[in-house]
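*Asks:* Take this structure first; my questions come after.
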Amino acid sequence: MPGILIIEDDADIAAVERDYLEAAGYAVQIAPEGKSGLTLGEQDAFDLILLDLMLPDMDGFTVCRLLREKTDVPILMVTARQEDIDKIHGLGLGADDYIEKPFSPSVLVARVRAHLARYERLTQGKRRQKEICIGAIRLNTETREAFAHGRRVELKNKEYELLRFFMLNPDIVFSKERIYGAVWGMDAFGDNATVAVHINRLREKLEKDPAQPQYIQTVWGAGYRFRSI
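Note that the sequence shown covers residues 891 to 1119 in the numbering used here.
Structure representation (structure tokens):
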């Protein structure tokens, strides 16, 4: 029986979501705030996570970003916000879809079912995608090991997280602001210059010619992209 984690501080909304999902045959657990939801989600015991954007202790964007460091299961963000920038931000941090309040419970169940089926197809029944490979770059998301051109590359924590973000979103141009928010978090101490420093470090470790990078490319006036080869 697929397991669903609901991270939602509104008890009434969480109860409605739980009741309809359980009636559809899913096992459901509720976390009333971000920290408890993050703890449960990081255990990787669920097949899908429903994540409210507005939580009392930390925002859903932060929870989503931290969950993505530990799990690749579908994350559906539930929000009353209408602004497109929120949707783009959430998807950039690793959310798979958005459901806007108020929503039909039957639509919620249908979206959950569709994302579970899609995840099953993508992973071909495996619980976790262990490796991401693009060209001569290979990243193992369980051991956090990186390989470039057949050799193992030592990466520091943020270098690994930056490379993982890029490889999960190939050929998409991201601004420094978007990259900083996704990897370091909106509330992190620092500035966007940190992004350029870490990109230069990754180029030194991954590229055959860091001065003319094949993978981590600068798009002048826009930002950076990880080119699929």
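Cβ coordinates follow ideal geometry from the N, Cα and C atoms, glycine included.
Can you check whether the CB of residue 939 is closer than 8 Å to the CB of residue 965?
*Replies:* Contact: yes.
*Asks:* Could you tell me which of 948, 1119, 1112 and 984 sits nearest to residue 1105, measuring between CA atoms?
*Replies:* Cα-wise, what sits closest to residue 1105 is 1119.
*Asks:* Suppose you measure from the CA of residue 961 to the CA of residue 894; what does that come to, to the nearest Å?
*Replies:* Distance between the alpha carbons of residue 961 and residue 894 is about 14 Å.
*Asks:* If distances are taken between C-alpha atoms only, which option among 932, 1047 and 1025 comes closest to residue 1040?
*Replies:* Taking only the C-alpha atoms, the option nearest residue 1040 is 1025.
*Asks:* Residues in the same chain with beta-carbon distance under 6 Å from residue 1022, minus the five sequence neighbours each way, listed in chain order, please.
*Replies:* Around residue 1022: 1029 and 1057.
*Asks:* For the beta strand (DSSP E) holding residue 942, just list the boundary residues, first then last.
*Replies:* Unbroken beta strand (DSSP E) run through residue 942: 938-942.
*Asks:* Comparing C-alpha positions only, which one of 984, 949 and 905 sits nearest to residue 1068?
*Replies:* That would be 984, whose Cα lies nearest to the Cα of residue 1068.
*Asks:* What's the gap between the Cα of residue 932 and the Cα of residue 1112?
*Replies:* Straight-line Cα distance between these residues: approximately 33 Å.
*Asks:* So, are the CB atoms of residue 892 and residue 910 less than 8 Å apart?
*Replies:* For residue 892 and residue 910, no; Cβs fall outside 8 Å.
*Asks:* From residue 1049 to residue 1074, what distance separates their C-alpha atoms?
*Replies:* If I take the Cα positions, the gap works out to 11 Å.
*Asks:* Keeping to the same chain, check which residues put their C-beta closer than 8 Å to that of residue 1059; ignore five residues upstream and five downstream.
*Replies:* Correct list, in chain order: 982 and 1116.
*Asks:* Within its chain, find whatever has a CB closer than 8 Å to the CB of residue 1108; leave out the 5 residues flanking it on each side and keep chain order.
*Replies:* So the list reads 1114, once near-sequence residues are dropped.
*Asks:* Once you ignore the five residues that flank residue 936 on each side, which residues in its own chain have a CB closer than 7 Å to its CB?
*Replies:* Counting only Cβ-Cβ distances below 7 Å, and skipping sequence neighbours, we find 893, 894, 895 and 963.
*Asks:* Based on DSSP bridge pairs, tell me the residues matched to residue 1114.
*Replies:* In DSSP, residue 1114 forms a bridge with 1064 and 1108.
*Asks:* Who are the Cβ neighbours of residue 1085 in its own chain at under 7 Å, not counting the five residues just before and after it?
*Replies:* These residues qualify, in order along the chain: 1066, 1069 and 1070.
*Asks:* Which residues does DSSP pair with residue 966 in a beta bridge?
*Replies:* Bridge partners of residue 966: 940 and 987.
*Asks:* Assuming residue 1058 is part of the alpha helix (DSSP H), what are its boundary residues?
*Replies:* That run of the alpha helix (DSSP H) goes 1047-1058.
*Asks:* Which class does residue 1089 belong to by DSSP, given the choice of helix, strand or coil?
*Replies:* Looking at residue 1089 - three-state DSSP - the assignment turns out to be helix.
*Asks:* In this structure, does DSSP put residue 1077 in helix, strand or coil?
*Replies:* Interpretation of residue 1077 is limited by its pLDDT of 49, a score under 50 that renders its predicted location unreliable; the figure taken from the coordinates is listed afterwards. Reduced to three states, the DSSP call for residue 1077 is coil.
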